[in-house]
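Novice: In this text, residue positions in the sequence shown follow this note's numbering: the first is -6, and each later residue adds one.
Don't be surprised by glycine CBs; every beta carbon is placed ideally from N, CA and C.
Quick caveat: nothing in here was measured; it's all calculated off a predicted structure.
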Amino acid sequence: MARVLVVEDDTDVRDLVAQWLREDHHEVLAVESAVLALAAVERNGLPHAVVLDVAMPGMDGVDLLHRLREYDEHLPAIFLSVLWSAADVQRMRDARAVYVGKPSSGDRLRTALRGLLGEGDAEGLV
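(1) Kindly indicate which three-state DSSP category residue 124 falls into: helix, strand or coil?
(2) Specify, as a first and last residue, the run of the alpha helix (DSSP H) that residue 23 falls within.
(3) In the structure shown, what three-state DSSP assignment does residue 47 receive?
(4) Since residue 46 and residue 74 should fall inside the 8 Å C-beta cutoff, what is the C-beta to C-beta distance between them, to a whole number of angstroms?
(5) List the whole-angstrom C-beta distance separating residue 40 from residue 22, where the pair is believed to meet the contact cut-off of C-beta under 8 Å.
(6) Measuring CB to CB, does residue 0 end up less than 8 Å from residue 43?
(7) CA-CA distance, residue 5 and residue 99?
(8) Following the continuous beta strand (DSSP E) through residue 94, name the residue where it begins and the one where it ends.
(9) Work out the CA separation of residue 54 and residue 60 for me, nearest whole Å.
(10) Can you tell me whether residue 88 is helix, strand or coil according to DSSP?
(11) What is the DSSP secondary structure of residue -5, counted as helix, strand or coil?
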């Protein structure tokens, strides 16, 4: 079981992703913004992995990941996003994170997370 931080500004998506990860027996902290994510890390410590939306108001998921990696440059991360432009994909690739497109399934997300945590093959590496 891993402690996973989910950062997603859409309430329905955030709740669904948290549910999927809890079904896989992970401890999940789900927040709606980068500001709340950074506060959660200050309060609770760094999680074992993060699942981040890319397009969010304020600080986006890629910038947030760079901030989180100031604590641990190898923090496992999954971007859950609808963004497919060449520039967006390049930013995610440069951030060394797994990319799972929206809409997604719980199985795909859980498989990607297991791979990042060394429990299987990571799918969807950018």
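Specialist: Looking at the atomic coordinates:
(1) Residue coverage of the chain in this structure runs from -6 to 119, which leaves residue 124 outside it and unanswerable.
(2) Start at 1 with the first residue of the sequence shown, and residue 23 comes out as number 30. Looking at the DSSP string, residue 23 is not in any alpha helix (DSSP H); the run it does join, the beta strand (DSSP E), is 20 to 24.
(3) To locate residue 47, count along the sequence shown from 1; it is residue 54. Correct three-state label for residue 47: coil.
(4) The sequence position of residue 46 within the sequence shown is 53, counting from 1. The sequence position of residue 74 within the sequence shown is 81, counting from 1. Contact holds; Cβ gap of about 6 Å.
(5) Taking the sequence shown and counting its residues from 1, one reaches residue 40 at position 47. Taking the sequence shown and counting its residues from 1, one reaches residue 22 at position 29. So it is a contact: roughly 7 Å between Cβ atoms.
(6) Residue 0 sits at position 7 when you count from the first residue of the sequence shown. Residue 43 sits at position 50 when you count from the first residue of the sequence shown. Against a cut-off of 8 Å, the Cβ pair of residue 43 and residue 0 comes out as a contact.
(7) Residue numbering aside, residue 5 sits at position 12 when the sequence shown is read from its first letter. Residue numbering aside, residue 99 sits at position 106 when the sequence shown is read from its first letter. Near 14 Å, if we compare the C-alpha coordinates of residue 99 and residue 5.
(8) Taking the first residue of the sequence shown as position 1, residue 94 is located at position 101. Under the DSSP assignment, residue 94 falls in the beta strand (DSSP E) whose first and last residues are 91 to 94.
(9) Here residue 60 is taken as the residue at index 67 of the sequence shown, counted from 1. Here residue 54 is taken as the residue at index 61 of the sequence shown, counted from 1. It is roughly 10 Å from the alpha-carbon of residue 60 to the alpha-carbon of residue 54.
(10) In the sequence shown, the residue the question calls residue 88 occupies position 95. DSSP places residue 88 in coil when its eight states are reduced to three.
(11) Numbered from its first residue, the sequence shown carries residue -5 at position 2. Residue -5: coil per DSSP, three-state reduction.
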